[in-house]
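Residue numbers (our numbering), protein chains in the order written: chain A, -4 to 355; chain B, 102 to 611; chain C, 18 to 324.
By construction, the Cβ of each residue, glycine as well, lies at the ideal position given by its N, Cα and C atoms.
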Amino acid sequence: MQFRLEKRQEPSQLMVYATPVAAVLLTMIVGAIIFSLIGYDGIGAVREIFLTPLTNSYKWQDLGIKAAPLIIIGVGLSIAYRANVWNIGAEGQYVMGGLAGTWVALATYGMTGPWILPLMILAGVVGGALYAAIPAFFKVRLNVNEILTSLMLTYASVQLIYYLIRAPWKDPMGMGFPQTRLFSEAARLPTVIPGTIVHLGVPIAILVAFVAWFIMSRSVFGYQMKVVGAAPHAARYGGFSESKTIWLAMLVSGGLAGLAGILEVAGPFQRMVPGFPTNYGFTAIIVAFLGRLNPLGVIFAGVVMAITFVGGEVAQTTIGLPNAATGIFQAMVLFFLLAGDILVRYRLRRVSSIPASGAA
Amino acid sequence: MPHRLELTGITKRFPGVLANDNVSFAVRPGEIHALLGENGAGKSTLVKMIYGIMQPDAGEIRWNGQPISVANPKAARKLGIGMVFQHFSLFEALTVLENIALGMDSKIPSRELEARIRQVMSTYGLLLDPHRTVATLSVGERQRIEIVRALLLDPKLLIMDEPTSVLTPQEVEQLFEVLRKLAAQGCSILYISHKLHEIKALCDTATILRGGKLVDTCDPRQETSRSMAEKMIGAGLKDIVRAAGRSLGEPKLVVSRLSTVKTGHFEVPVDDVSFTVRVGEIFGIAGVAGNGQNALLDALSGEIRSDDKNAVAIDGYPLGLLDTTGRRKHGLCAVPEERNGHAAVSDFTLSDNSILTARDRLGMVMLGLINSGAAKTYTGKVIADFAVKALGPASTAGSLSGGNLQKYIMGREILQKPSVLVVSQPTWGVDAGAAAAIHQSLVDLAAAGSAIVVISQDLDELRALCDTLAVINMGRLSAARPVSEVSVEEIGLLMGGVHGTAEAHDAVPA
Amino acid sequence: MDITIAIFITLVGAATPILIAALGELVVEKAGVLNLGVEGMMLVGAIAGFAAQFYTGNPYLALLAGAFAGAATSMIFGFLTLSLSANQTATGLALTIFGTGFSALAGAPFSARPIELMRPLFPAELATHPMWRVLFGYSAPVYFSFFMVFAIWYFLKKTRAGLILRAVGENDLSAHSIGYSVKGVRYAAVMFGGAMAGIAGACFPLLLTPQWAERMTAGRGWIAVALVVFASWKPFRLLAGAYLFGLVMTMELYAKAGGGPLSIIPSELWAALPYLATIVVLVLISLRRDASTNAPACLGKPFLPSN
Chain A
-4 MQFRLEKRQE PSQLMVYATP VAAVLLTMIV GAIIFSLIGY DGIGAVREIF
46 LTPLTNSYKW QDLGIKAAPL IIIGVGLSIA YRANVWNIGA EGQYVMGGLA
96 GTWVALATYG MTGPWILPLM ILAGVVGGAL YAAIPAFFKV RLNVNEILTS
146 LMLTYASVQL IYYLIRAPWK DPMGMGFPQT RLFSEAARLP TVIPGTIVHL
196 GVPIAILVAF VAWFIMSRSV FGYQMKVVGA APHAARYGGF SESKTIWLAM
246 LVSGGLAGLA GILEVAGPFQ RMVPGFPTNY GFTAIIVAFL GRLNPLGVIF
296 AGVVMAITFV GGEVAQTTIG LPNAATGIFQ AMVLFFLLAG DILVRYRLRR
346 VSSIPASGAA
Chain B
102 MPHRLELTGI TKRFPGVLAN DNVSFAVRPG EIHALLGENG AGKSTLVKMI
152 YGIMQPDAGE IRWNGQPISV ANPKAARKLG IGMVFQHFSL FEALTVLENI
202 ALGMDSKIPS RELEARIRQV MSTYGLLLDP HRTVATLSVG ERQRIEIVRA
252 LLLDPKLLIM DEPTSVLTPQ EVEQLFEVLR KLAAQGCSIL YISHKLHEIK
302 ALCDTATILR GGKLVDTCDP RQETSRSMAE KMIGAGLKDI VRAAGRSLGE
352 PKLVVSRLST VKTGHFEVPV DDVSFTVRVG EIFGIAGVAG NGQNALLDAL
402 SGEIRSDDKN AVAIDGYPLG LLDTTGRRKH GLCAVPEERN GHAAVSDFTL
452 SDNSILTARD RLGMVMLGLI NSGAAKTYTG KVIADFAVKA LGPASTAGSL
502 SGGNLQKYIM GREILQKPSV LVVSQPTWGV DAGAAAAIHQ SLVDLAAAGS
552 AIVVISQDLD ELRALCDTLA VINMGRLSAA RPVSEVSVEE IGLLMGGVHG
602 TAEAHDAVPA
Chain C
18 MDITIAIFIT LVGAATPILI AALGELVVEK AGVLNLGVEG MMLVGAIAGF
68 AAQFYTGNPY LALLAGAFAG AATSMIFGFL TLSLSANQTA TGLALTIFGT
118 GFSALAGAPF SARPIELMRP LFPAELATHP MWRVLFGYSA PVYFSFFMVF
168 AIWYFLKKTR AGLILRAVGE NDLSAHSIGY SVKGVRYAAV MFGGAMAGIA
218 GACFPLLLTP QWAERMTAGR GWIAVALVVF ASWKPFRLLA GAYLFGLVMT
268 MELYAKAGGG PLSIIPSELW AALPYLATIV VLVLISLRRD ASTNAPACLG
318 KPFLPSN
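Shown next, in the form of C-alpha cells:
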C-alpha cells in the first residue's frame, strides 16, 4: 500500500482550519514521545504545558495578559504577511513602542490627568510604526530585503533599552539597578476586572482583532493587501500600488507591535526594565501563521501560544522542565502547521494497484 | 525495416481527465510526422511519455521494433530521441555553451564541445555565438540553441513541440529547411502543431488527436486545411459573423508619441508609437514575441504611466497621466497576455477577481467597503453570458482551464462596456470553440461602437479579425494598413525587422 | 605592532564563523533555496560541538559533531520545503525558533562548565615571532574557511556539478525537464549549508568563548545571510564582507575592554554596531546597478513541476 499526493481542484477550506488544530494535537503527541525519549516526563510535560493552564482557573488571568500582546502583534503581522511583506522585526517595534511610551511616562512623571495614558499609547503606536518605517523605506526605495533590516533593527533596539536604562533614564532611587522609576499612577494601565491582573490591554486585543477582521474581509484596504500579496503583477493591473501597500503593511504591523509594547510596559511592567523584550514579537510570527493570517484565527492562536508560555512556567516549577522546552513546543507547532499546509492544495490518496511502469 | 517508433494502445489518466485514450501510431525512419490537435487534445502528454518525462498507464512503446520503457529523458536521449520544447528549457543567466553542456549527458571538455557545436551549426546553417549569455538573445536564437543541443546528440527521432509559434514566416522557412535536411539523412521528426498550412507544407503524415483519442492518421497533402481542421475540432467550423455594410466612425483612441523607459533587464520598451483607432474598428498589432508588446499593453492600460498626458487619449480626453483605475473610469479596459498572476489571481475566487478590474465601473465599492453581493451578481452574469465552465462565482480562478479562464477575463472586461478595449493574445492556448466565441464577442463589441486593439503573434487570427493592421518590431510600430491590402509576406518582412529595421521599413512603403 | 597583530588575530576569530556559515548559505541560495534558519542551525551546531568537546576533548570530533548536527537540523527544513513545498521564509524562521529552543534545552546541563579552546593547527615553534603568528597562529577552522572560499568558487565556476547546481537555482523547471533531479540537488545543497552552519556554530565555543551560553551566536547567522546578498553570491566577496564584520566586532570587544578612544562611545552602541552595519551594507549594495542581477532566479520559490 502506498500513498500519493493528488492536486485538488479547489483548495480545501476544511483543511485551512483543520490543520492548525491538527498541528497543536500532533505537537502534543510527538512532543510527549520526544521528551520521554530524552529522559523527561514527556506526558507530564505535555499535561503541564497544554492542559494545566486551561484547567487551573488561577491561570486564566495569566493567559489573558500573555495572549493580549501576542494577539495584537499577531494581527499586525497577519496583515503584513498577507501582503507578502515579511516584517519579522516586530520584537524591535514592540520595544520601540514601549520605549516611546516610557519616554512620555517619564516626561509626565508626577503629573495627573486622564490624557497621560492615551498620549503614551499614541506615542507607543507611533514609535513602533516609525521603527517599521525604516525597513519600509529601504524596501520601497532600494528594494532592500525587509526580513534582514527589520531583524537587525530588533537587535539594535534591545541595545537601546540597555543604554537608556543604564544612563539617561536610570531610576535615581533604584540602588544602581538598570531600570527606570516606577510610573506614576496616571501612567499605569488600569485593570478591567477588579481584584485580578487583567488589564485594559486584554479587551483592546480582542477589539483590535475584530476591527482588523472586518477591515481585511470587507474593505478595499484588505483587498489591496491580499491581492498585492497573492499576485503583485495583477495588483498593479487592478490599480493598486505595491509601494503604498508595503508602506501600509509595515506601518500597520509596526504600529500594532508598538501598541503591544506600550500596553505591556504600562500594564504588567509599569517601568522599563532590561527584561522587557520577552520574545512576544517572535512568538507572534507563529501566532500569525497558526491563525492562518486571519485576525479571528489569531485570537485562537494567541491563546494557544499563551498557554504554552504559562504552561512552560508551570512545568518548570512542577516537573523541573527547562524553560527552553516551551520554545521547542512552539517551533514544533509551526513545523507541523507548515507540513500540513500541503493538504490544503493536495489530497492524500491511497494507491492500491501498482501502476503500469512504476509511475510516481 | 521496422518502424523507428511505434505506439500501441497508449493510455494516460490524470485526476478527472483521460489525457490519452488508447492511442496508436507509428513513425518511419526519415519521416516527418505531424501530431495535430487542439490545446488539451493530449499531444503534449503523449510526447512527454515518449521522451520519458511521464510514464504511460497502459500501452506499449516500440523503438526500432523493440519494446522499450523510457524511464526518464536521459534514457530517451540515450536511445536517440531528442526534443525541442515549446517553452524553452534554457537558463537565462548562463551562456549558450553552458546551456548546451547542461543538455549533454556525458561530460565533454568545453573546448571539444565548442568545436562540435560549431560543426553542427555549419552543417545546418544555424548561426550562434557560444559565449553569449542567453538573456541577450532573441527568441529565434534561443530556439536555435535548443535545436543545436538536440542535434549534438545525433538523434534518430527529433520531437518539435509547437516550434513556430515564436518565429517570423521567414524564420519558419529556415527552420523547415533544417528539418528537411535532417529527415533526408534518416532522422525521423515528430512535429507537433495546430497550424495546418505548416503541416501541409512540411509533413509526410499527420496523426490527429481530439480529446485524448486518435481521430485519424492521414496524408496532409491529400487533405484540405478545412478537412483537417474539422477532424481536429470535431464539428463544422464556425465563421465570424460580421454585420454587413459596416463603416468605421470618428477617431476614438488616439495614441501619440507614446514611449516607455526600459525597466527589466531584457524587456523591450515602446519607442515613439502613434496610431489612431476609430469607433467600430478592430486594430491589430502583429509582431514576434518580445518586441515590446508587453510594454505597449502596460502603457495603454495604465500600468505604466506616461509623463505626457496626451500620449493616450479617448475622444480627445487626455489619459496619459492616469493609472489603470483612472483610465478604466474613462472607459479604457485592457486584458494582458498572461492570465495567471496578471489578468487574474489564481488563488482568488472569480467573484474576487471581478473586484480587481470592475469595482469602480460597476459600483462594487461604497465608502471604502466592498459590496460582495454586487461582485457575485456581476460574476454570475459573466459566467452565464460567456458560457464559462465554472461551478460558480465562488470557484477559484486557478481551478478553471486556460480557455475558460480566458473567456471569463474577456467577459469581465467586455461586459463593462468599455469604449476602448486593448487585448493581448486573446486566444493564446485556448481551444478552437472558445477562440471562436472570444473572436465573436470582440466583433460584437466593435459593432456596438467600441474601439478595439488586438495585440497578437497569430497572423491568422489578426487577418480574420481586424480591419487595420500594424507591426511592432523592437518597440517601434509600422504604419497602419487596411488588412485587405497587406500580404503575409509584407507583414513577415516587417516582423523580421529584428535583424535590419531599416530594410524592412523600406521594403514595405507605408 | 603587537597590538595590531593581536587585533588582527581577534578579527580572524570573529570573522571565521560568519564566513563559514555564509559560504554554506551561498551554496544553498545558488541552488535556489533561501534557508533563513542559519542562526538556528548554528545554535544546534554550537551545542553539539560544545558537548562533544566537553565529553571527548577532541576538537575535531567537536567540529564533526557540529557539522552533523547542523546537517541533521537542515533536513527538517529540507523535508518541509522540498518534499512538502512549504513556504521557505516561514520554515526558515521556524527552524531558527527551534534551534534556539533546542540548544537552550540541550545546553542547560552544561552551564558554568568550561571546555578547552581549540589549539592552533601549527606547532607553537612556527609562531614564535609575532609576524609568523599572523600566518601560523590559528586553529584549523580558520584555514578551513579560506580553503572553502576557494573550493566553493572552483566548484561553482569550474565543475559540471557546480554548473548543474547553478542551473537548478536559475530555472528549476528547465533543469527538471532536461532530466536533472531538482529536489536531489537542493537536498544536497541544503544539507551542505546545514553542515557549514553547524561547523560555524561549533566555532563559537571552540574558538571564542569556551563556556555554554544560550543564544551564544547572537544573530551572527542572520548577518551571514545578509552577507550573501552583500557579496552578490560571489565567494571571494564573501571573504571581504566577513572580514569587514570581523573588524566591527573586534572594535566592539576592544571598546568593552575599555581601551582608549573607543570607549567614548557607549558600549551599547558598539554592541549594536554589527547589526546597524549590516543594514548600511545592504543599503549600499542595493545602490549598485547590478545588485540583484546576480541573484539566482528561483531563489526562495517553491519547485512545483506540473507532473
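C-alpha distance - residue i paired with residue j, whole-angstrom precision
i, j, result
"residue 208 of chain A", "residue 217 of chain A", "9 Å"
"residue -1 of chain A", "residue 221 of chain C", "43 Å"
"residue 12 of chain A", "residue 499 of chain B", "21 Å"
"residue 478 of chain B", "residue 547 of chain B", "25 Å"
"residue 80 of chain C", "residue 207 of chain C", "18 Å"
"residue 466 of chain B", "residue 424 of chain B", "18 Å"
"residue 406 of chain B", "residue 359 of chain B", "10 Å"
"residue 118 of chain C", "residue 326 of chain A", "8 Å"
"residue 248 of chain C", "residue 197 of chain B", "26 Å"
"residue 293 of chain B", "residue 186 of chain B", "10 Å"
"residue 263 of chain C", "residue 213 of chain A", "51 Å"
"residue 252 of chain C", "residue 70 of chain C", "30 Å"
Neighbourhood of residue i by C-beta distance below 7 Å, restricted to the same chain and skipping five residues each side
i, result
"residue 610 of chain B", "Since pLDDT at residue 610 of chain B reaches only 37, below the 50 mark, its modelled position is unreliable, and no value is offered."
"residue 143 of chain C", "149 and 153"
"residue 290 of chain A", "70, 73, 204, 207, 208 and 211"
Three-way DSSP call (helix, strand, coil) for residue i in this model
i, result
"residue 497 of chain B", "strand"
"residue 531 of chain B", "coil"
"residue 149 of chain C", "helix"
"residue 225 of chain A", "helix"
"residue 220 of chain C", "helix"
"residue 134 of chain C", "coil"
"residue 330 of chain B", "helix"
"residue 189 of chain C", "helix"
"residue 164 of chain C", "helix"
"residue 294 of chain C", "helix"
"residue 109 of chain B", "strand"
"residue 119 of chain B", "strand"
"residue 86 of chain C", "helix"
"residue 471 of chain B", "strand"
Cross-strand partners of residue i (DSSP beta bridge)
i, result
"residue 135 of chain B", "B:292 and B:307"
"residue 169 of chain B", "B:162"
"residue 184 of chain B", "B:260"
"residue 412 of chain B", "Paired residues: none, contrary to the question."
"residue 378 of chain B", "B:354"
"residue 419 of chain B", "B:414"
Residues near residue i in its chain [Cβ-Cβ closer than 8 Å; skip 5 each side]
i, result
"residue 502 of chain B", "141 and 490"
"residue 304 of chain A", "61, 278 and 321"
"residue 46 of chain A", "306"
"residue 584 of chain B", "385, 563, 564, 567, 568, 569 and 570"
Proximal residues to residue i (C-beta, below 6 Å), its chain only, five neighbours per side dropped
i, result
"residue 393 of chain B", "369, 371, 573 and 576"
Enumerate, from N- to C-terminal direction, the unbroken beta strand (DSSP E) stretches of 3 or more residues contained entirely within the stretch 536 to 578 of chain B. 552 to 556 and 569 to 574
Considering only residues of the stretch 229 to 272 of chain B, which uninterrupted beta strand (DSSP E) runs meet the minimum length of 3 residues and lie entirely inside it, listed in chain order? 258 to 262
Segments of 4+ residues assigned as alpha helix (DSSP H) that fall wholly inside the stretch 281 to 335 of chain A: 290 to 314 and 319 to 335
At which residue ranges does the stretch 212 to 265 of chain C contain complete beta strand (DSSP E) runs of 3 or more residues, listed in the order of the chain? none
Let me know the alpha helix (DSSP H) ranges lying completely inside the stretch 49 to 133 of chain A, each 4 residues or longer, listed in chain order. 55 to 77 and 85 to 102
Just to confirm the assignment: which complete beta strand (DSSP E) runs, minimum length 3, are found wholly within the stretch 224 to 270 of chain A? none
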